[in-house]
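The numbering of the first sequence is our numbering, which starts it at 1 and goes up by one. In what follows, a structure is listed as structure tokens, so that the remarks can point back to it.
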Amino acid sequence: MSTAPATLNDAQMRAVNHLHGPCLVLAGAGSGKTRVITHKIARLLQTGLAPRQIAAITFTNKAAQEMRERARTLVGAKAANELVVSTFHALGVRMLREDGERIGLKPRFSILDSDDVLGIVREVGATTDAAQARRWQWAISLWKNQGLAAADVAQQDNALTRQAAQVMARYEQKLAAYQAVDFDDLIGLPLKLLRDDADARLKWQQRFAHLLVDEYQDTNAVQYELLKALASHPDAERRGRFTAVGDDDQSIYGWRGATIDNLKRLGQDWPALTVIALEQNYRSTGHILRAANAVIGGNPKLYDKKLWSDFGDGEQVRRVECDSDSHEAERALAFIQATRAAQPATGWRDFAVLYRANHQARAFEEKLRTAQVPYRVSGGQSWFDRAEIKDLCAWLRLLVNPDDDPAFLRAVRTPKRGIGDTTLDKLGRFAGQWKCSLFEALFAPALATQLGAKAVAGLHEYGRYVNGLEERARQARGADAARALLLAWLTELDYEKHLHDGDDSPKLAAARWTNVLDFVDWIARRCGGAAARDGSAEAAPEQSVLEVAQTIAVIISLAERDADSDVVTLSTLHAAKGLEWPHVWLAGVNEGLLPFKSDAEEMTDERLHEERRLMYVGITRAQRTLVVSTLRRRKRGRDTVPGVPSRFIAEMKLDDGTAKENPRERLKRLRAELAAKAAA
DNA sequence: CATACATGAATTTTT
DNA sequence: TTCATGTATG
């Protein structure tokens, strides 16, 4: 990025200036796709479109935030704030909050996270087998991503599939009863809305005059249909105004429903489609790009594309053989230290160690920790996954939607308030009988026939408290009021004491309490309206706690990772997509690991191709130095097995006589290794 | 009811 | 090897 030139290159320019028809931009790794998107937004504004008519769709909140930030420097703060820059899911939420009622969803529906979903699946599937429940959850999500309903799957002759379909049917009933939606519904239901309701369809088609989609190769079938519906304006003049930006070579999410078919279908559904390939790379040096091109050349391709750069050959790609994973970690550490010794300006942040599977991080963490090298592990437990944060989120969700039974169950038990499993069990059965939510059941007069007077009184007290809290949350508007309310609430719950009463050590309990206070702060900031510093919040009026709570499930993964701290990155290849570092160590490039081989599923061509794209993504993360390491012995489960170098190593075609480490580098490395040993 | 031990399973991840 | 879940025991 730092190296991007001031002007757009020819291909980028063509993409930016193609304003009125469907456009597919095949953006190779490091070819400046975000630049194209932001410049195109600026160009569209120039032609007279209002910012709110332009929608840029991303997959992650982080990407959305970045996009708005980049647009800001180009079009100014005011216009940037008015642009619709959002994830698919956030756009879905918006559509459903506005128009969900047209398809039978009340405006204050709740959004379930995957733990809630798992709980419901376990319940309707009547199983205690967590692995089974997870398989069902997985299958249901995949089907929903393909646009399939339970009824569509139910006719298959596979008994297991039919069983899963039945679980899915009951699951969907439950969601409807809770007035809750899962993440997949945030795409599927807006699509249903556009299909079933002509008024809503026209309204949304008219709202956006141009759609830009980032990481288009990651779209699934339902997302494709949603985009198609949004872009299908009845007026031929305004139809098909979209820009899809993606790279088929970086499609690595097939296993969760993304399909490259969406690239082919685009040409079929929009015959006027203009395809533009961005091939000039502004990230890496020649040796790295050549290796990348050589590897990806092994895959079949839809459109031809070959990366090149102006940066010269640069350093050779290095290949390193290691005895074991701990040896590999030692060598990586030595590499980092040697590079820093040779180039004093190099920071820790300039290094990344990339690997296929999370467990590979362990060896590296160990070595880096003992060497006192600061590091961060990608995909580590998010702040929002922590139990204490989820407790509080459950409360907030309950305030938004009292019929959200999973939230009710979690909130009513934290902290314990003398309402035990027996009482809740009976309440649940009562609610099931009367087909109402737990919260509704709680106030039903007939409940007294099922439960003792004491239990009923306890439930009533709880219900009244929740109602009162909802009213207070509605009125607490702005950062200060929000903070005051949330702190008062925590005091009423005696939540800090609850944390210390748990079986955590006092130290851990204190850490949890700190998290809680951070969370309060986080919500309060979001209530604060325009004053928000981080630039992510739009210049909006102050919000009430209740309003912020409504959007919480979607914002939640926006866990701000302090990207600017000077640390070495340890990351999976998946989590590394879209990022870049001057020096990259690609670890464990062995058969079985990359390409990954599972005992459960056989290796199909399509699987192998996706693994190859993963390797390609890994290689193209590197700007200047790339080291690829293999293991001679590799752990598999309990025992150690001989390691075979990945076929992808050979495919990089490094052996043009230059792949060997040069002697000076070798000496440097050995010295650093010694130093590292001495330090440990 | 809570704690301790045993047993089994273990890609990739966002919303 | 580690983590999580289930069972058995006090």
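All C-beta atoms, glycine included, are put in the ideal place defined by N, C-alpha and C.
Limits of the unbroken beta strand (DSSP E) element including residue i
i      : result
Thr572 : Val568 to Thr572
Glu237 : No beta strand (DSSP E) contains Glu237, which DSSP labels as neither H nor E.
Thr625 : Ala622 to Leu631
His210 : His210 to Val213
Ala27  : Cys23 to Ala27
Leu307 : Where Leu307 is concerned, there is no enclosing beta strand (DSSP E), given that its DSSP letter is neither H nor E.
Ala126 : Careful: Ala126 lies outside any beta strand (DSSP E) and carries neither H nor E.
Phe351 : Phe351 to Tyr355
Residue burial classification, residue i (beta-carbon count within 10 angstroms, cutoff 16)
i      : result
Val641 : exposed
Leu26  : buried
Pro374 : exposed
Met652 : buried
Trp434 : exposed
Met168 : buried
Arg241 : buried
Pro190 : buried
Gly418 : exposed
Glu611 : buried
Gln137 : buried
Thr7   : exposed
Asp518 : exposed
Arg477 : buried
Given residue i as reference, the closest of the options once Cα atoms are compared
i      : options                           : result
Ile41  : Ala394, Trp204, Tyr303 and Glu69  : Glu69
Thr219 : Gly314, Ile252 and Arg607         : Ile252
Thr274 : Tyr303, Leu189 and Thr161         : Tyr303
Gly246 : Ile37, Ile296, Pro406 and Thr370  : Ile37
Asp199 : Glu225, Glu101, Gln223 and Leu227 : Glu101
Arg135 : Ala165, Lys106, Arg108 and Gln146 : Ala165
Trp255 : Val567, Leu490, Ser437 and Ser141 : Ser141
Ile649 : Ala329, Gly618, Leu24 and Glu471  : Gly618
Ala71  : Leu44, Phe59 and Arg97            : Leu44
Val584 : Gly463, Arg319 and Asp182         : Arg319
Leu175 : Leu230, Ala221, Leu211 and Asp116 : Asp116
Val75  : Ala488, Ala448, Gln46 and Gln543  : Gln46
Asp248 : Ala484, Ala675, Ala29 and Asp518  : Ala29
Arg607 : Ala244, Gln179, Glu98 and Asn299  : Asn299
Ala139 : Tyr171, Ala126, Glu580 and Ile111 : Tyr171
Leu493 : Gln475, Val466, Ala481 and Ala509 : Val466
Residues near residue i by beta carbon distance below 6 Å, same chain, minus five either side
i      : result
Ala338 : Lys668, Arg669 and Ala672
Thr658 : Here Thr658 scores only 49 on pLDDT, less than 50, and its place in the model is too uncertain to base an answer on.
Thr414 : Asp391
Pro402 : Phe439
Glu82  : Pro51 and Arg52
Arg201 : Leu194
Leu148 : none
Asp182 : Leu112 and Val117
Residue range of the unbroken alpha helix (DSSP H) whose run includes residue i
i      : result
Thr58  : No alpha helix (DSSP H) holds Thr58; the beta strand (DSSP E) holding it covers Ile54 to Thr58.
Phe109 : Run containing Phe109: none; DSSP gives neither H nor E here.
Phe88  : Phe88 to Asp99
Arg290 : Gly286 to Ile296
Arg201 : Ala198 to Arg207
Cys393 : Ala387 to Val400
Tyr462 : Ala453 to Gln475
Val320 : Careful: Val320 lies outside any alpha helix (DSSP H), inside the beta strand (DSSP E) at Arg318 to Cys322.
Tyr171 : Ala159 to Tyr178
Val373 : Here Val373 belongs to no alpha helix (DSSP H), and DSSP marks it neither H nor E.
Phe687 : The question about residue 687 has no answer here: the residues shown for the chain are numbered 1 through 680.
Beta-carbon proximity list for residue i, same chain, < 8 Å, skipping 5 on both sides
i      : result
Arg429 : Gln450
Thr285 : Ser309, Phe311, Gly312, Asp313, Gly314, Glu315, Gln623 and Arg624
His460 : Leu442 and Phe443
Arg122 : Thr128, Ala130 and Ala133
Arg331 : Val320, Cys322, Ser629, Arg669 and Glu673
Ile276 : Ala11, Arg14, Ala15, His18, Cys23, Leu24, Val25 and Leu26
Ala532 : Here the model assigns Ala532 a pLDDT of 41, short of 50, so the residue's position is not dependable and the matter cannot be decided.
Ile296 : Asp249, Arg612, Arg613 and Tyr616
Tyr462 : Val412, Arg417, Ile419 and Leu442
Own chain partners of residue i with C-beta closer than 7 Å, once the 5 adjacent residues on each side are dropped
i      : result
Val548 : Ile523, Arg526 and Cys527
Glu237 : none
Asp99  : Leu193 and Ala200
Arg290 : none
Discussion item. Quick check for students: name the residue ranges of the alpha helix (DSSP H) that lie wholly in the stretch 244–275, counting only runs of 4 or more.
Written reply: Qualifying alpha helix (DSSP H) stretches, in chain order: 261–269.
Discussion item. Extract the residue ranges of the beta strand (DSSP E) inside the stretch 567–619, only unbroken runs of 3 or more that lie entirely within it.
Written reply: Entirely contained in the stretch 567–619, the beta strand (DSSP E) runs reaching 3 residues are, in chain order, 568–572 and 581–586.
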